[in-house]
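Enquirer: The listed protein sequences correspond, in order, to chains A and B. Taken in order, the first sequence gives residues -5 to 108; the numbers are from this note's numbering. Taken in order, the second sequence gives residues 108 to 216; the numbers are from this note's numbering.
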Amino acid sequence: NAGVTQTPKFRVLKTGQSMTLLCAQDMNHEYMYWYRQDPGMGLRLIHYSVGEGTTAKGEVPDGYNVSRLKKQNFLLGLESAAPSQTSVYFCASREAVAGLNEQFFGPGTRLTVL
Amino acid sequence: KNEVEQSPQNLTAQEGEFITINCSYSVGISALHWLQQHPGGGIVSLFMLSSGKKKHGRLIATINIQEKHSSLHITASHPRDSAVYICAVSGGSQGNLIFGKGTKLSVKP
């Protein structure tokens, strides 16, 4: 099993460009998450999904969109990138069973917006 | 005030020392998580606990629900333990995690 994978690992964008980050998991998990990690701050939740076809906003959703068309994939889109979106992005997934809420993280995507 | 507070923010130790990292939280939780992040690396779950104490190798995690406090201990520390250790709590209907800012540990040989 590959667990949680993220594509790409690194990316540099210019302000105003768009891109999509792909997260894939092979553990048949219902819940999936997108976080960003910035220096001096804890991980912050951008958006999450509790199942195929459903998404919800997290703590810092502005400037991002997400889609969960297939259970194994969770896409994070930046329509018009801004320097404030320079960050490391982590995807995570977990079981939906109550109490079994250990999250499994992907390796991260380092995004720089110039 | 942050809902999850960790201390210290940075910690330098000599190889072999006993290390303690603390986590306090101010919200109701269903579980507390300790995570490890190596430099430039991904995030790995070390422990998930809702009461008492758990041990895995040289790592021990404890939680006091009444005091809303948890500790992560590392016995006989080693340079390979150098990493950022993150405390997170889960609760609420969706079980989303709330993260502390992390403790950066450096163990010198």
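Heads up, the beta-carbon is just placed ideally off N, CA and C, and yes, glycines get one too. These numbers come from a predicted model, not from an experiment.
(1) Are there three or more Cβ pairs, one per stretch, closer than 8 Å when the segment 76 to 90 of chain A is compared with the segment 13 to 31 of chain A?
(2) At 9 Å on the CB atoms, spell out the chain A contacts of Ser213 of chain B, in chain order.
(3) In the DSSP output, what is Glu112 of chain B paired with across the bridge?
(4) Cα-Cα, which of A:Phe98, A:Asn95, A:Val91 and A:Glu73 is closest to Leu7 of chain A?
(5) Would you tell me roughly how many angstroms separate the C-alpha atoms of Met155 of chain B and Trp141 of chain B, rounded to the nearest one?
(6) Tell me Ala90 of chain A's beta-bridge partners as DSSP assigns them.
(7) Thinking C-beta only, is Thr1 of chain A closer than 9 Å to Thr103 of chain A?
(8) What is the residue span of the beta strand (DSSP E) that His140 of chain B lies within?
(9) Taking the beta carbon of Arg62 of chain A as the centre, do at least 16 other beta carbons fall within 10 Å, making it buried, or is it exposed?
(10) Taking C-beta pairs closer than 8 Å, name the residues in chain A that Lys208 of chain B reaches, listed in chain order.
(11) Can you tell which of A:Cys17, A:Ala90, A:Thr48 and A:Met13 has its C-alpha closest to the C-alpha of Gly(-3) of chain A?
(12) Measuring straight from C-alpha to C-alpha, what distance separates Leu179 of chain B and Phe206 of chain B?
(13) Chain B beta carbons: is any one of them nearer than 9 Å to that of Pro101 of chain A?
(14) Return the CA-CA distance between Gly149 of chain B and Val111 of chain B, expressed in angstroms with no decimal places.
(15) How far does the beta strand (DSSP E) with Phe154 of chain B in it reach, from first residue to last?
(16) Thinking C-beta only, is Ser157 of chain B closer than 9 Å to Ile170 of chain B?
(17) In this structure, how does DSSP classify Ser74 of chain A when only helix, strand and coil are distinguished?
Expert: In this structure, then:
(1) yes
(2) Within 9 Å Cβ-Cβ: nothing; Ser213 of chain B doesn't reach chain A, min ~17 Å.
(3) B:Ser131
(4) A:Glu73
(5) 7 Å
(6) According to DSSP, which records beta bridges pairwise, Ala90 of chain A is partnered with nothing at all.
(7) yes
(8) Ala138 to Gln144
(9) buried
(10) Gly34, Met35 and Gly36
(11) A:Cys17
(12) 15 Å
(13) yes
(14) 21 Å
(15) Ile150 to Leu156
(16) yes
(17) coil
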